[in-house]
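K.L.:
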Amino acid sequence: MLLTDQHPHNKSIVAGILGVPNVGKSTLINYLLGFDLSAVTHKAQTTRNQFHCVLTIDHTEIILVDTPGVHKTTQEMNKRLNQQARDGVESVDVNLLLMDLTKDLGKQFQEFFLNFNSEIGKTWVIFTKKDLLSLEKLATLDLPGAFTKFQEVIPSLEKFYVISAKDGSDVHLLTGDLCDIAQEGPHHYMKDAISNKSERFFATEYIREQAFHCLDQELPYELAVTIDEFKEFNVNKEEARKAFISASIIVNRPSQRAIVIGRQGSVIKKIGTSARKKIEAMVGGPVRLNLHVKVAPKWFNNNKLLEEIGLPRATDSRRVWRQR
Ligand SMILES: Nc1nc2c(ncn2[C@@H]2O[C@H](COP(=O)(O)OP(=O)(O)OP(=O)(O)O)[C@@H](O)[C@H]2O)c(=O)[nH]1
Ligand SMILES: [Mg+2]
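With my numbering applied, the sequence shown covers 221 to 544.
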């Protein structure tokens, strides 16, 4: 849908954010937006659904598509995460392929290439987390050489940037270039829109994000969140908006239920309090959040539940790696 009443100098661009898990895709989006919209944790596979985030610089609308990290997988849910990444960048103007400078670049590139398994158009490589490296270490990485090797495998890689999404260094070079190649034309989102996803979606993201923060080791991957009820009060009224949310944290085994609840409910209380604060900031008013923990064995292979959390069936098979 295009909006009417557009400024004559309006421009727009859609950029897909890609990479293996945990490289900092959502962190870069949050840096660009100027606030923490997308869920970020130090654990891999935080993002599970692709979605749009919108920022406007002067008259240029930049639509950033956050995607789940592309990775090797056999599990039904993880196949669907890779599919989300492919769907997310299907008709973008440019892809930003993020690579974590603190990890082996060749391995990351190979993991991405083998499991993305789809043609990839115009792409810029973004080497990120440079704040974690000394200048000496950075120089030893020979980034131009690595980029040239990657380009031999994916010829649509055009150029590379070296940034930090944490302290924002050199991110302006990227946004400047995105604005430069944006096409003249109408904006797709209303002036104050920030995403194509609902507050209900972000409520599940923030609950899962806080669960990831509060729980150790493998458990987060075996955990999903569904909203059972989302009621809003005082919408379009002078008074502050209020919301009542009832949500379920779904786990795989009864023992995990006990871990999520914690001794005398201490863990679930911590998850609930911190998630509520983030949801309140989004809603702009007080929120009552009721959390329940449910056991659904092997939910990550359960088609109905996967569809409920926004992950339709995948259509992929894996590529073969030919070393050049
Ligand atoms: N120091 C530093 N840390 C970063 C940077 N970018 C991301 N991180 C950290 O890296 C971790 C992963 O960041 P995310 O943004 O969740 O990564 P992601 O690529 O979205 O991960 P998935 O959604 O799981 O695929 C978090 O702990 C971030 O704080 C950066 O530029 N510098
Ligand atoms: Mg993410």
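The beta carbon of each residue, even a glycine, is placed where N, CA and C say it ideally should be.
Keep in mind it's a predicted model, so treat the numbers as computed, not measured.
#1: My understanding is that residue 315 touches residue 238, with C-beta atoms under 8 Å, so please give their C-beta distance in whole angstroms.
#2: On the three-state DSSP scale, how would you describe residue 544?
#3: State the Cα-Cα distance for the pair residue 544 and residue 329, rounded to the nearest angstrom.
#4: Can you tell me whether residue 221 is helix, strand or coil according to DSSP?
#5: Give the DSSP-derived three-state secondary structure of residue 326 in the structure shown.
#6: Leaving out the 5 sequence neighbours to the left and right, which residues in its chain are closer than 6 Å to residue 221 when beta-carbon positions are compared?
#7: Is there a C-beta anywhere in chain B that falls below 8 Å from the one on residue 479?
#8: Taking the CB atoms as reference points, tell me whether residue 285 and residue 270 lie closer together than 8 Å.
#9: Give me the Cα-Cα distance between residue 534 and residue 484, rounded to the nearest whole angstrom.
#10: Please go through the same chain and pick out, in chain order, the residues whose beta-carbon is closer than 6 Å to the beta-carbon of residue 510, but skip the five residues on each side of it.
#11: Between 296, 359, 395, 368, which has its C-alpha nearest residue 322's C-alpha?
#12: Where does residue 275 sit, in a helix, a strand or coil, going by DSSP?
#13: If you draw a straight line from the alpha carbon of residue 377 to that of residue 490, how long is it in whole angstroms?
#14: So the alpha helix (DSSP H) residue 397 belongs to, where does it begin and stop?
#15: Taking contact to mean 3 or more Cβ pairs, one atom from each stretch, closer than 8 Å, check whether the region 393-413 and the region 469-478 are in contact.
#16: In whole angstroms, what separates the C-alpha of residue 247 from that of residue 264?
#17: Are residue 380 and residue 355 touching if we call contact CB-CB under 8 Å?
#18: On the CB-based measure, 16 or more other CB atoms within 10 Å of its CB, does residue 476 come out buried or exposed?
#19: In the DSSP assignment, the beta strand (DSSP E) including residue 259 goes from what residue to what residue?
P.N.:
Looking at the coordinates:
#1: 5 Å
#2: Confidence at residue 544 is low in this model, with a pLDDT of 46, below 50, so the placement of that residue should be treated as unreliable; the coordinate-derived value is given next. In this structure, residue 544 counts as coil in the three-state DSSP scheme.
#3: Caution is warranted here: a pLDDT of 46 is assigned to residue 544, below 50, making its placement in the model unreliable, and the coordinate value is therefore given only provisionally. Going by the C-alpha atoms only, they are around 14 Å apart.
#4: Here residue 221 scores only 49 on pLDDT, less than 50, and its place in the model is too uncertain to base an answer on.
#5: helix
#6: The predicted position of residue 221 is uncertain, since its pLDDT is 49 and thus under 50; a value taken from the coordinates is nonetheless stated next. None.
#7: Annotation note: the requested chain B is absent from the structure, which comprises a single protein chain.
#8: yes
#9: 40 Å
#10: 466
#11: 359
#12: strand
#13: 44 Å
#14: 391-401
#15: no
#16: 13 Å
#17: no
#18: buried
#19: No beta strand (DSSP E) holds residue 259; DSSP gives it neither H nor E.
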